[in-house]
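K.L.:
The structure under discussion is supplied below as structure tokens; questions concerning it will follow.
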Amino acid sequence: MNTPPTPRGHFARHAWLALATALALLLAVVIVAGWAGKNKPAEAGQAARAEHGAHQDVYTCPMHPEVRSHEPGSCPICGMDLVKVERPAPAATPKPPASSTPDGLAPVHVDDGAARRAGIRTVEAAPGRVASTVRAVGNVVPDEGRIRHITTKVAGWIEKLHANATGQMVRAGQPLFELYSPELLATQEEYVRALRTAEELSTSSLPEVRRGAADLASAARRRLELFDVPPDFIEQLQRTGRPARTIVFRAPFGGYVSEKTVVEGHKVEPGAELMTITDLSRVWVTAQVYEAEAQAARVGAPATVTLQYDPAASLRGRIALVYPTVDAESRTLQVRLEFANPRLVLKPGMFVNVTLERGRADGVVVPDSAVIDSGTRQVVFVEAAPGHFEPREVTVGLRADGQAVLAAGLAAGERVAVAANFLLDSESRLHGAAAGHAGH
Numbered sequence: 383m384n385t386p387p388t389p390r391g392h393f394a395r396h397a398w399l400a401l402a403t404a405l406a407l408l409l410a411v412v413i414v415a416g417w418a419g420k421n422k423p424a425e426a427g428q429a430a431r432a433e434h435g436a437h438q439d440v441y442t443c444p445m446h447p448e449v450r451s452h453e454p455g456s457c458p459i460c461g462m463d464l465v466k467v468e469r470p471a472p473a474a475t476p477k478p479p480a481s482s483t484p485d486g487l488a489p490v491h492v493d494d495g496a497a498r499r500a501g502i503r504t505v506e507a508a509p510g511r512v513a514s515t516v517r518a519v520g521n522v523v524p525d526e527g528r529i530r531h532i533t534t535k536v537a538g539w540i541e542k543l544h545a546n547a548t549g550q551m552v553r554a555g556q557p558l559f560e561l562y563s564p565e566l567l568a569t570q571e572e573y574v575r576a577l578r579t580a581e582e583l584s585t586s587s588l589p590e591v592r593r594g595a596a597d598l599a600s601a602a603r604r605r606l607e608l609f610d611v612p613p614d615f616i617e618q619l620q621r622t623g624r625p626a627r628t629i630v631f632r633a634p635f636g637g638y639v640s641e642k643t644v645v646e647g648h649k650v651e652p653g654a655e656l657m658t659i660t661d662l663s664r665v666w667v668t669a670q671v672y673e674a675e676a677q678a679a680r681v682g683a684p685a686t687v688t689l690q691y692d693p694a695a696s697l698r699g700r701i702a703l704v705y706p707t708v709d710a711e712s713r714t715l716q717v718r719l720e721f722a723n724p725r726l727v728l729k730p731g732m733f734v735n736v737t738l739e740r741g742r743a744d745g746v747v748v749p750d751s752a753v754i755d756s757g758t759r760q761v762v763f764v765e766a767a768p769g770h771f772e773p774r775e776v777t778v779g780l781r782a783d784g785q786a787v788l789a790a791g792l793a794a795g796e797r798v799a800v801a802a803n804f805l806l807d808s809e810s811r812l813h814g815a816a817a818g819h820a821g822h
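In this text, residue positions in the sequence shown follow the numbering used here: the first is 383, and each later residue adds one.
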């Protein structure tokens with residue numbers, strides 16, 4: 383028979399349950415505390431090792447910044463000795479915003495002494511204009527429209543040669559030579575007889591007779607004119623009625639005797655070239671432009687010609703003609719410039735220097751040496767503070783004559799390094815490599 387529990391036994395049982403629960407909680411606290419204490423030294427060790435790694439020396443190759451080592455040695459790529467990376471002082475080289483610094487580069491701080499030893503120079507960027515030019519060698523040639531070949535239309539003999547030397551200057555209307563031609567003498571006599579007949583029949587009562595005699599005289603005169611007999615000679619023949627044995631032929635315009643093929647006493651035939659007169663008061667300059675520079679070959683484009691014997695003297699002109707063909711061997715096309723030549727400064731056959739303008743651009747102008755072009759980007763080093771240089775990526779619009787127009791990335795008034803900036807670039811790459819290594 384079961385005996386019901388007494389109040390005293392019921393209380394004792396509840397006390398034992400409370401004591402067991404308290405002991406369990408105490409044991410759990412002890413276990414957690416032990417685990418935390420055990421892992422705290424491990425975390426401290428990891429932090430210490432990380433701090434040690436951050437302050438550990440780093441060695442890299444000057445030619446291959448991606449090669450890094452914690453011990454000195456040789457570069458596995460080129461074999462050069464690894465150099466120690468000097469860490470920039472945080473106070474002296476504040477890190478600029480990530481957006482303004484190109485990847486792989488870092489600001490560089492150089493004290494005054496180091497800057498002088500390295501030869502670092504800076505200039506101020508300024509607004510301006512740069513013109514891109516193409517240089518070519520030009521050749522002076524006569525204006526083809528100012529060349530006259532002197533010929534005869536009848537056979538005869540040169541009785542006297544007034545222009546008797548190549549290079550001799552002649553004026554318009556000046557005698558060139560005297561020609562004896564039996565055919566011209568017969569034509570003169572025919573004209574004189576026609577004039578006399580027309581005069582005798584001028585009183586005839588028959589209009590047809592008077593008109594026929596006048597027509598014969600006009601036909602004889604016209605024949606002399608077609609033989610290029612000078613008009614003043616024909617007028618003299620009409621007044622005197624006496625044919626001349628020789629006829630003087632005169633220069634059609636002024637110039638220089640550039641070629642002569644006859645001497646006194648020479649027999650000439652119709653169409654034979656006796657001499658050439660070239661007017662050099664205006665000449666051409668032809669220049670050869672490479673096919674890759676054809677952009678500069680535009681009709682009307684400005685051009686400058688300088689003389690090799692006097693570089694200080696220059697002539698300004700424009701392209702008058704771009705020839706329609708390209709030389710198959712030299713891959714060049716020819717352009718022509720035209721110049722007035724009153725003092726004969728430009729002589730045919732002379733070589734001159736020709737400068738053609740290919741294009742121009744306006745913007746912020748810096749010396750071309752300030753821009754470091756890696757092939758994928760263009761960088762300048764801006765002096766943000768004395769001795770503090772920040773790399774900045776820029777966009778070059780045009781380069782010419784040692785100047786560069788920057789389309790973006792730099793403002794007028796900022797100073798950029800123009801000498802020893804490759805040293806700054808190397809140092810910037812080393813710092814950038816060290817910063818990238820520390821970040822990993």
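Don't be surprised by glycine CBs; every beta carbon is placed ideally from N, CA and C.
(1) Of all the options Pro706, Glu582, Leu805 and Asp744, which has the alpha carbon lying nearest to the alpha carbon of Ala786?
(2) In whole angstroms, give me the CA-to-CA distance for Leu598 and Ala576.
(3) Among Phe559, Pro706, Ala685 and Val505, which one has its Cα closest to the Cα of Ala513?
(4) Quick check on Ala436: does DSSP put it in helix, strand or coil?
(5) Hey, how far is the Cα of Ser600 from the Cα of Ala580?
(6) What does a CB cutoff of less than 8 Å around Thr777 pick up in its chain, not counting 5 residues either side in sequence?
(7) Would you call the region 646-658 and the region 702-716 touching, i.e. three or more CB-CB distances under 8 Å?
(8) Name the DSSP beta bridge partners of Asn546, please?
(9) Relative to the alpha-carbon of Ala722, which residue among Tyr691, Arg700, Arg605 and Val519 has its alpha-carbon at the smallest distance?
(10) I need the straight-line Cα distance from Asp661 to Arg553, nearest angstrom please.
(11) For Glu565 versus Ile540, is the C-beta distance shorter than 9 Å?
(12) Quick check on the DSSP output: the alpha helix (DSSP H) that includes Asp597 runs from which residue to which?
(13) Just the Cα atoms here: how many angstroms apart are Arg499 and Pro447?
(14) Taking the C-alpha atoms as reference points, what is the distance between Arg603 and Thr569?
(15) Run through DSSP, which three-state label would Gly745 get?
(16) Please check the pair Ala507 and Gly795, which I expect to be a contact at CB under 8 Å, by giving their CB distance rounded to whole angstroms.
(17) How many angstroms separate the CA atom of Val665 from the CA atom of Phe763?
(18) Report the rounded CA-to-CA distance for Thr504 versus Arg517, giving the unit in angstroms.
(19) Nearest CA to the CA of Gln690: which residue from Tyr441, Arg632 and Met732?
(20) Evaluate Leu619 with the Cβ neighbour count: other Cβ atoms within 10 Å of its Cβ, from every protein chain shown; 16 or more gives buried, anything less gives exposed.
(21) Alpha carbon to alpha carbon, how far is Ser587 from Arg605?
(22) Can you give, in chain order, each stretch of the beta strand (DSSP E) that sits fully within the region 653-683 and has at least 3 residues?
(23) Do Thr688 and Ala678 have their C-beta atoms within less than 9 Å of each other?
(24) Taking C-beta to C-beta, are Phe631 and Leu567 nearer than 9 Å?
(25) Residues in the same chain with beta-carbon distance under 6 Å from Val697, minus the five sequence neighbours each way, listed in chain order, please.
P.N.:
Once the coordinates are examined:
(1) As a working mapping, residue 786 is identified with position 404 in the sequence shown. The option with the nearest alpha carbon to Ala786 is Asp744.
(2) Walking along the sequence shown from the start, residue 598 turns up at place 216. Walking along the sequence shown from the start, residue 576 turns up at place 194. Roughly 6 Å between the two C-alpha positions.
(3) Counting from 1 along the sequence shown, the entry for residue 513 is found at position 131. The residue with the shortest Cα to Cα distance from Ala513 is Ala685.
(4) Locating residue 436 in the sequence shown gives position 54, where the first residue counts as 1. Note that Ala436 has pLDDT 49, beneath the 50 cutoff, so the model's placement of it is unreliable and the number below is only indicative. Ala436: helix per DSSP, three-state reduction.
(5) Locating residue 600 in the sequence shown gives position 218, where the first residue counts as 1. Locating residue 580 in the sequence shown gives position 198, where the first residue counts as 1. So the two alpha carbons sit approximately 10 Å from each other.
(6) Here residue 777 refers to the residue found at position 395 of the sequence shown. So the list reads Gln760, Leu788, Ala789, Ala790 and Gly791, once near-sequence residues are dropped.
(7) no
(8) Counted from its first residue, the sequence shown places residue 546 at position 164. The partner list for Asn546 (beta bridge, DSSP) is empty, contrary to what the question assumes.
(9) What you label residue 722 is simply residue 340 of the sequence shown in a count that begins at 1. Residue Arg700 is the option with its Cα nearest to Ala722.
(10) Residue 661 sits at position 279 when you count from the first residue of the sequence shown. Residue 553 sits at position 171 when you count from the first residue of the sequence shown. Cα to Cα, Asp661 sits roughly 10 Å from Arg553.
(11) Taking the sequence shown and counting its residues from 1, one reaches residue 565 at position 183. Taking the sequence shown and counting its residues from 1, one reaches residue 540 at position 158. No, these two residues do not count as a Cβ contact at 9 Å.
(12) The count along the sequence shown starts at 1 and reaches residue 597 at position 215. Asp597 -> alpha helix (DSSP H) spans Pro589 to Leu608.
(13) On the sequence shown, position 117 is the one that residue 499 refers to. On the sequence shown, position 65 is the one that residue 447 refers to. The straight-line gap from Cα to Cα measures roughly 24 Å.
(14) Mapped onto the sequence shown, residue 603 falls at position 221. Mapped onto the sequence shown, residue 569 falls at position 187. A straight-line Cα-Cα distance of about 9 Å links Arg603 and Thr569.
(15) Translated into positions along the sequence shown, residue 745 becomes position 363. In this structure, Gly745 counts as strand in the three-state DSSP scheme.
(16) Indexing the sequence shown from 1 puts residue 507 at position 125. Indexing the sequence shown from 1 puts residue 795 at position 413. Between Ala507 and Gly795 a beta carbon distance of about 7 Å is seen, short of the 8 Å cut, so the two are scored as contacting.
(17) By one-based count along the sequence shown, residue 665 stands at place 283. By one-based count along the sequence shown, residue 763 stands at place 381. Distance between the alpha carbons of Val665 and Phe763: 50 Å.
(18) Numbered from 1 along the sequence shown, position 122 holds the residue referred to as residue 504. Numbered from 1 along the sequence shown, position 135 holds the residue referred to as residue 517. Between Thr504 and Arg517, the C-alpha separation is close to 30 Å.
(19) On the sequence shown, residue 690 is found 308 positions in, with the first residue counted as 1. Check the Cα spacing between Gln690 and each of Tyr441, Arg632 and Met732: the tightest is with Met732.
(20) Against the sequence shown, residue 619 aligns to sequence position 237. Label assigned to Leu619: buried.
(21) As a working mapping, residue 587 is identified with position 205 in the sequence shown. As a working mapping, residue 605 is identified with position 223 in the sequence shown. Roughly 29 Å separates the two Cα atoms.
(22) At a cut-off of 3 residues, the continuous stretches assigned as beta strand (DSSP E) that sit fully inside the region 653-683 are 655-660 and 664-672.
(23) If you number the sequence shown from 1, residue 688 lands on position 306. If you number the sequence shown from 1, residue 678 lands on position 296. The answer is no: Cβ separation not under 9 Å.
(24) On the sequence shown, residue 631 is found 249 positions in, with the first residue counted as 1. On the sequence shown, residue 567 is found 185 positions in, with the first residue counted as 1. Taking 9 Å as the Cβ cut-off, Phe631 and Leu567 do not qualify as a contacting pair.
(25) The residue given as residue 697 occupies position 315 in the sequence shown. Note that residue 697 is Leu in the sequence shown here, rather than Val. Closer than 6 Å at Cβ, skipping near neighbours: Val687 and Phe721.
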